[in-house]
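Step one of this worksheet: look at the structure below.
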Amino acid sequence: MTETSATTGLIFQEPLLWEIGKKGRIGFSMPENDVPEVLPDQKWIRKDIGLPDLSEVNVVRHFTRLSQWNFGIDAGMYPLGSCTMKYNPKINERLAFLPGFADAHPLLPDCLSQGILRLMFDLQNYLTAITGMDSVTLQPAAGAHGELCGMLIFHAYHRKKGKDRSRIIVPDTAHGTNPSSAALCGYKAVSVTTNENGILTPEAVAAVMDEDTAGIMVTNPNTLGFFEENIREISAIVHAKGGLVYGDGANMNAVMGIVDMGACGIDVLHLNLHKTFSTPHGGGGPGAGPVCVRKHLEPFLPVPRVIEEDGRFTLSSDFPDSIGRLHAFYGNVGILIRACGYILSMGAGNLKEASRLAVLNANYIKEKLKKTFHLPYDRTCMHECVFSDKYQNSSKITTLDMAKRLIDFGFHPPTIYFPLVVKGAMMIEPTETESREEIDRFIAAMEQIAREAEEQPDLLRDAPRKCKVRRPDEVQAARKPCLCS
Ligand SMILES: *Cc1c(COP(=O)(O)O)cnc(C)c1O
98 MTETSATTGL
108 IFQEPLLWEI
118 GKKGRIGFSM
128 PENDVPEVLP
138 DQKWIRKDIG
148 LPDLSEVNVV
158 RHFTRLSQWN
168 FGIDAGMYPL
178 GSCTMKYNPK
188 INERLAFLPG
198 FADAHPLLPD
208 CLSQGILRLM
218 FDLQNYLTAI
228 TGMDSVTLQP
238 AAGAHGELCG
248 MLIFHAYHRK
258 KGKDRSRIIV
268 PDTAHGTNPS
278 SAALCGYKAV
288 SVTTNENGIL
298 TPEAVAAVMD
308 EDTAGIMVTN
318 PNTLGFFEEN
328 IREISAIVHA
338 KGGLVYGDGA
348 NMNAVMGIVD
358 MGACGIDVLH
368 LNLHKTFSTP
378 HGGGGPGAGP
388 VCVRKHLEPF
398 LPVPRVIEED
408 GRFTLSSDFP
418 DSIGRLHAFY
428 GNVGILIRAC
438 GYILSMGAGN
448 LKEASRLAVL
458 NANYIKEKLK
468 KTFHLPYDRT
478 CMHECVFSDK
488 YQNSSKITTL
498 DMAKRLIDFG
508 FHPPTIYFPL
518 VVKGAMMIEP
528 TETESREEID
538 RFIAAMEQIA
548 REAEEQPDLL
558 RDAPRKCKVR
568 RPDEVQAARK
578 PCLCS
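Note that my numbering has the sequence shown beginning at 98, numbered continuously upward.
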């Protein structure tokens, strides 16, 4: 296995825009002013911000070069567990750029927005069909925003029933956003541990569920890559005490159109369109986290809601029990268009097939690599598999070293050190859009890294060697980013 050409070749040095700028350069020329000048109030004009003067060429080259430093799904395999970094079909972009969609202004009246309202209405119906739920809001802008929406719905439901509750059960495999969303709504997150098979047991949930507990948040399939097989019993336990069940649907890519989440007892479920439904993901772009509910929670959905009457679509806020608005206008509509395009271009049968292939690919990697890397739960997985660095620890090589070394082979590293229940976790999610050849290349790279851990551990500690930025101080980079000279 050689390091790939993807990581060699021409990489420009790139200075900051402030270093490129030169007094007097301009990016465009304005026509002569032919109307009287109206100067805004000087007190609003800051003169000290020191923006660089740049030409169009300066700007285009700067950003094009920076974009070449980046790694995305269009550049190579991106097996980031729990994030479903599948390929984003380009037809979705074409559809979102159709002038009728792209030029639609959010302040247009409903009568001039029938096409886009219908698209949203249809998308809601597709999502209910795929999940087995009854109603949907498309407003939340991300999964975490969907969780917030769900917790607000839990709260509104219990208040309507006449008694606020104070706790939420959250499994030890949950994504960090779950307890955070619960806490944002004033709930105390109570942890419940998964068993030796990496799933929840009814007994463990029954032991913590009581009448002061608003409900449980369950990720299914969970972040160890396993289906929560006891979900119906767990839901029944929570419902029997008057609680609700929140489904974190971030991992729905394993079960699109295959598992009926309503029948599993899920009351509220978020989807991540930027994971399961192939819309662009990462880089700070917009996402969407639609929230599906069962019938009894429909009155609490955010407003406005898209409704249909006699073939006409309107946005209605006439829902007195609603938790209110969660996003300006109607969420990230451009993302909704892309996801709708994905669903329609796939069709029901192919969505199911995509999930099956995603599961097959993850199991293939698990079987091929389990002799080389410690597999803490050796069972059939869903969309992702989780290894640890236990076998490499004897050479003092860690998950971080191996993740960094993968970059030299032209792969984005998997999710690391999560879920927290596996020490030194490497969580690999190939998705259905990688070919057998690409997955085999990934496996070969992982095997070589394991050999290097034994034979040349210093190579790994020094990795990646082919990047401009090699091992940044990630805490410092997040807390104190250096954004200008
Ligand atoms: C990605 C993810 C989330 C959060 O979703 P965002 O869209 O990133 O806000 C929540 N739970 C799980 C299990 C996830 O993988």
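For each residue, glycine too, the CB sits at the ideal point set by N, CA and C. All of these numbers come straight from a predicted model, not from anything done at the bench.
Any non-hydrogen atom of ligand 1 within 8 angstroms of residue i CB
i	result
GLY283	no
PRO351	First, the amino acid is wrong: residue 351 is Ala here, not Pro. No; taking the cut-off as 8 angstroms, the Cβ of ALA351 has no heavy atom of ligand 1 nearer than that.
ASN369	yes
ASP345	yes
ASN130	no
GLY384	yes
HIS509	no
THR310	no
GLU551	no
THR373	no
SER126	no
THR228	no
ASN348	yes
ASN275	yes
HIS272	yes
THR316	yes
Option in the options with minimal Cα separation from residue i
i	options	result
LEU556	ASP498, GLY444 and GLU535	ASP498
PHE515	ASP269, TRP115, THR530 and ALA199	ASP269
CYS180	ALA286, PHE470, GLY322 and ILE404	GLY322
PRO186	GLU534, SER442, PHE539 and GLU481	SER442
LEU163	ARG453, PRO196, GLU111 and LYS120	GLU111
LYS196	LYS183, GLY212, PRO206 and CYS208	The amino acid occupying residue 196 in the given sequence is Pro; Lys does not appear at that position. Nearest C-alpha to PRO196: GLY212.
LYS467	GLY283, MET306, ILE540 and ILE117	ILE540
ARG453	ALA500, TYR474 and PRO527	PRO527
PHE168	PHE506, GLY312 and ASP570	PHE506
SER277	GLY240, ASP418 and LYS257	GLY240
ASP219	GLY438, SER375 and PRO176	GLY438
LYS257	ILE420, LYS563, GLU464 and ARG391	ILE420
GLY124	THR469, PRO387, PRO561 and GLU153	GLU153
PRO431	LYS140, PHE198, LYS144 and PRO128	The sequence as given places Gly at residue 431; Pro does not occur at that position. When only C-alpha atoms are compared, the closest one is PHE198.
GLU549	SER492, ARG422 and ASP261	SER492
Residue-chain proximity (residue i, chain C), Cβ-Cβ < 9 angstroms
i	result
LEU136	Looking at the structure shown, chain C is missing, and only one protein chain is on hand.
Cα-Cα separation between residue i and residue j, rounded to whole angstroms
i	j	result
PHE410	LEU204	15 angstroms
ASN490	HIS371	35 angstroms
SER102	PRO578	In this prediction, SER102 scores a pLDDT of 46, lower than 50, which makes its location untrustworthy; the coordinate-derived value is nonetheless stated afterwards. Taking the straight line joining both Cα atoms gives about 31 angstroms.
LEU192	LEU235	18 angstroms
GLU244	ILE494	37 angstroms
ILE440	LEU216	12 angstroms
GLU544	GLY359	41 angstroms
ALA451	ASN292	29 angstroms
GLY446	PRO318	20 angstroms
ASP537	ARG568	27 angstroms
TYR254	CYS389	15 angstroms
GLU134	TRP166	43 angstroms
GLY384	ASP364	23 angstroms
LEU177	ASN294	22 angstroms
ALA314	THR290	The sequence shown places Met at residue 314, not Ala. Each residue's Cα considered, the two are about 13 angstroms apart.
GLU190	LYS501	32 angstroms
LYS520	SER485	7 angstroms
GLY344	SER375	20 angstroms
THR225	CYS361	14 angstroms
LEU464	ASP357	Leu is not the amino acid found at residue 464; the sequence shown has Glu there. Cα to Cα, the separation comes out at about 28 angstroms.
Chain-order list of residues whose beta-carbon lies under 7 angstroms from that of residue i (same chain, five-residue window excluded)
i	result
THR373	THR181, MET349, ASN350 and MET353
ASN327	ILE296, LEU297, THR298 and PRO299
GLU308	LYS338 and GLY339
ASP407	none
ASN275	GLU244, VAL267, MET314 and ASP345
PHE188	Phe is not the amino acid found at residue 188; the sequence shown has Ile there. Once the five neighbours on either side are set aside, the close Cβ partners of ILE188 are GLY438 and SER442.
8 angstroms Cβ shell around residue i - same chain, five flanking residues per side excluded
i	result
LYS449	MET353, GLY354 and ILE355
ASN460	THR477, CYS478 and CYS482
GLU214	Here residue 214 turns out to be Leu, not Glu, going by the sequence shown. So the qualifying residues of the chain are ASP207, VAL403, PHE410, THR411 and LEU412.
LYS392	ASP231 and SER232
Delimiting residues of the alpha helix (DSSP H) encompassing residue i
i	result
PRO276	274-281
ALA253	240-258
ALA351	Per DSSP, ALA351 belongs to no alpha helix (DSSP H) and is neither H nor E.
ARG402	ARG402 -> not in any alpha helix (DSSP H); beta strand (DSSP E) instead, spanning 402-406.
Own chain partners of residue i with C-beta closer than 6 angstroms, once the 5 adjacent residues on each side are dropped
i	result
VAL287	ARG264, ILE266 and VAL305
PRO149	LEU114, TRP115 and GLY118
Residue range of the unbroken beta strand (DSSP E) whose run includes residue i
i	result
MET314	310-316
MET524	523-525
ASP345	341-345
PRO268	264-268
Any non-hydrogen atom of ligand 3 closer than 8 angstroms to residue i Cβ
i	result
GLU244	Of the ligands this structure carries, namely ligand 1, none is ligand 3.
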